[in-house]
Amino acid sequence: MATQANPTTTAATSEVESLRATSPEAEVQPPDPIVPSPASEAPGILPDEEEEVEVAHPPLQVDHDLLLQDQDDDYDSAYGSFGGRSSTGSITSSITNYVYENGRRYHAYRSGEYVLPNDEAEQERLNLQHHIWRLLLQGGLYTAPLEIPQPGQSHTSGTDFRILDLGCGTGIWAIDMADEFPLTTVFGFDLSPIQPEWLPTNCHFHVDDYEDDWTYRDEELFDYIHGRALSGTVANWPDFYRQVRMNLKPGGWCEMQEYDAWIFSDDDSFDRATWTKEWVTMLDDASRMFGKQINVAKKHKQWMIDAGFEDVQERISRIPIGTWAKEPALKELGRVEQIHMQMSVASHTPALFTRVWSYTEPQVQVFIEGVKREFRSKDLRLITSYRFITGKSPGPPPIVDD
2 MATQANPTTT AATSEVESLR ATSPEAEVQP PDPIVPSPAS EAPGILPDEE EEVEVAHPPL
62 QVDHDLLLQD QDDDYDSAYG SFGGRSSTGS ITSSITNYVY ENGRRYHAYR SGEYVLPNDE
122 AEQERLNLQH HIWRLLLQGG LYTAPLEIPQ PGQSHTSGTD FRILDLGCGT GIWAIDMADE
182 FPLTTVFGFD LSPIQPEWLP TNCHFHVDDY EDDWTYRDEE LFDYIHGRAL SGTVANWPDF
242 YRQVRMNLKP GGWCEMQEYD AWIFSDDDSF DRATWTKEWV TMLDDASRMF GKQINVAKKH
302 KQWMIDAGFE DVQERISRIP IGTWAKEPAL KELGRVEQIH MQMSVASHTP ALFTRVWSYT
362 EPQVQVFIEG VKREFRSKDL RLITSYRFIT GKSPGPPPIV DD
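Quick note, in the working numbering, the sequence shown goes up one by one and the last residue is 403.
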């Protein structure tokens, strides 16, 4: 999108520089927001269904000794490079003819359908988040009760154990599954061909859109279908889960690993984090007007139940942003999540804020810096929420006549 001339550009640029130069303790007020229309008034957007009341969680214990330590809060450049990932050589130029917007690179296939970039910075974020998911599972890759054959064993059905990874991103989860379980066959697809060329022999990637009709044959059904961080990528979730169930073997499992596109706190930190509160609100409103709401992680369990999955379970993990939690495992998770969330705000904001709210690129950068600064603040105890949702398919759903 071309940037229109705006009288606030010079001021916004100066504010970005001032934010970067200001110490974390200084008080900065967020810019006046563009007030969004209610989602129910936006064309093509239905009002949210009645919100579920979730079970209250015990508050995270605070490490008060940390307040006495002199720590550096600036983690902007604290993460290391994960290295470049080469694109698959056989992909046609129309798929790799990427779109550049607001200094970020976006997918070419079905251009505009997905609002997150696919450049090196985003790939590093995805790989860092993969580390967070594995920390939550003490090194594991899934929570579903899978019976994956081990060397020397055969699959109970006598066929290959087939795994499908939806929206596979850099391919790191699929590659780890293929490496750790060599008797499986793992398939991954994504809109972007950003997976490496050199793969385990039992791992395969292709470019596709899981919102299209799936065309797998009966002999190609899967034992396990996995999706991670797909919120904000699907317009019709009931249809998505219908297709997942249709493409699972009877008794096969679906697992969604999702994070809430929202920020929480056990005290008044969220209310005091004015940049962050405005950011998550505007991000969710913009995603709804775009047609693919992002803050839907808490709805996946019910969507699975409605689609006819059995034994649907949900596991919720809460992670501090920063090292303020007392428990050592949470402290380490919080250290990594603080880095990840600064990368996340830089990835999630530009497309939706410029396309939906008509922000200029300098205005977007001001907003990003304000949110990142709050994520680094010692005075705020912000929390993110990660979810693991699993369900078993009893077989394909009945065919409904039109």
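Note that beta-carbon positions come from the ideal geometry of N, C-alpha and C, so glycine has one too.
CB contact flag (residue i, residue j, <7 Å)
i: Phe188; j: His205; result: yes
i: Glu279; j: Asn103; result: no
i: Ile264; j: Leu383; result: yes
i: Thr282; j: Glu375; result: no
i: Asn248; j: Tyr217; result: yes
i: Arg135; j: Asp120; result: no
i: Ile226; j: Leu165; result: yes
i: Pro274; j: Leu381; result: One detail in the question is off: residue 274 reads as Ala in this sequence, not Pro. In contact: Ala274 and Leu381 (Cβ atoms closer than 7 Å).
i: Met290; j: Val357; result: yes
Cβ distance (whole Å) where residue i is taken to contact residue j below 8 Å
i: Tyr1; j: Ser348; result: Residue 1 is absent from the model: the chain starts at 2 and stops at 403.
i: Lys393; j: Phe310; result: 6 Å
i: Leu231; j: Gly168; result: 5 Å
i: Val372; j: Leu129; result: Actually they do not touch by this definition, with Cβ atoms about 18 Å apart.
i: Glu256; j: Ala145; result: 5 Å
i: Phe354; j: Ala287; result: 7 Å
i: Leu142; j: Leu331; result: Not confirmed; about 21 Å, so no contact.
i: Asp180; j: Pro201; result: 6 Å
i: Ile322; j: Gly335; result: 6 Å
i: Arg229; j: Gln258; result: 4 Å
i: Trp233; j: Val116; result: Looking at the sequence shown, residue 233 is not Trp but Gly. Between Val116 and Gly233 the Cβ distance is about 7 Å, and since that is below 8 Å, they are a contact.
i: Asp312; j: Asn296; result: With a Cβ gap of about 26 Å, Asp312 and Asn296 do not count as contacting.
Residue closest to residue i, alpha-carbon to alpha-carbon, out of the options
i: Phe241; options: Val63, Pro398, His65, Leu61; result: Pro398
i: Arg126; options: Gln343, Ile369, Phe182; result: Gln343
i: Pro194; options: Asp210, Thr186, Thr185; result: Asp210
i: Asp377; options: Glu123, Ser359, Thr355, Val346; result: For clarity, residue 377 is Arg in the given sequence; the question names Asp instead. When only C-alpha atoms are compared, the closest one is Val346.
i: Val63; options: Asp166, Pro329, Arg246; result: Pro329
i: Gln366; options: Pro351, Glu198, Lys379, Tyr143; result: Pro351
i: Gln314; options: Trp199, Tyr360, His301; result: His301
i: Arg319; options: Glu212, Arg388, Gln139; result: Arg388
i: Ala122; options: Ile340, Arg356, Leu381; result: Ile340
i: Trp199; options: Lys293, His58, Ile176; result: Ile176
i: Pro152; options: Gln139, Gly252, Pro183; result: Pro183
i: Val245; options: Asp307, Phe271, Glu333, Tyr101; result: Asp307
i: Thr391; options: Met305, Arg356, Ile369; result: Met305
i: Asn203; options: Gln196, Pro239, Thr185, Ile295; result: Thr185
i: Arg163; options: Trp254, Gln124, Tyr360; result: Trp254
i: Pro59; options: Asp161, Ser266, Glu333; result: Ser266
i: Gln124; options: Asp161, Gln139, Trp174; result: Trp174
i: His65; options: Gln364, Thr324, Arg243, Ser359; result: Thr324
i: Asp214; options: Leu192, His207, Arg243; result: Arg243
i: His132; options: Glu333, Ser270, Lys327; result: Glu333
i: Ser270; options: Tyr360, Lys379, Gln303; result: Lys379
i: Pro395; options: Ile149, Val100, Gly252; result: Gly252
i: Gln303; options: Asp272, Ile369, Pro239, Tyr360; result: Pro239
i: Gly170; options: His207, Val100, Pro150, Ala57; result: His207
i: Leu192; options: Val100, Asp219, Tyr360; result: Val100
Residues that residue i bridges to, as DSSP identifies them
i: Pro321; result: Ile384
i: Leu167; result: Phe190, Gly228
i: Ile390; result: Met257, Glu315
i: Ala326; result: Val63
i: Val281; result: DSSP output for Val281 lists no bridge partner at all.
i: His301; result: According to DSSP, which records beta bridges pairwise, His301 is partnered with nothing at all.
i: Leu331; result: Answer is none; Leu331 lacks a bridge partner.
i: Tyr101; result: Arg106
i: Thr265; result: With the sequence shown as reference, residue 265 is identified as Phe, and Thr is not the correct amino acid for it. BP columns for Phe265 point to Ile384.
i: Leu184; result: Answer is none; Leu184 lacks a bridge partner.
i: Phe162; result: Thr185
i: Leu249; result: Phe223
Contact with chain D by residue i, beta-carbon distance below 7 Å
i: Gln294; result: Chain labels in this structure do not include chain D; a single protein chain is all it has.
Segments assigned beta strand (DSSP E), at least 3 residues, entirely inside the segment 113-142 | For the segment 113-142, not a single whole beta strand (DSSP E) run of length 3 or above is found.
In chain order, which beta strand (DSSP E) runs of at least 3 residues are fully inside the segment 196-222?
-> Every beta strand (DSSP E) stretch that sits fully inside the segment 196-222 and reaches 3 residues is listed by chain position as 204-208.
At what residue ranges does the segment 344-386 contain a whole run of the beta strand (DSSP E), taking only runs of 3 or more?
-> With a minimum length of 3 residues, no continuous beta strand (DSSP E) run stays inside the segment 344-386.
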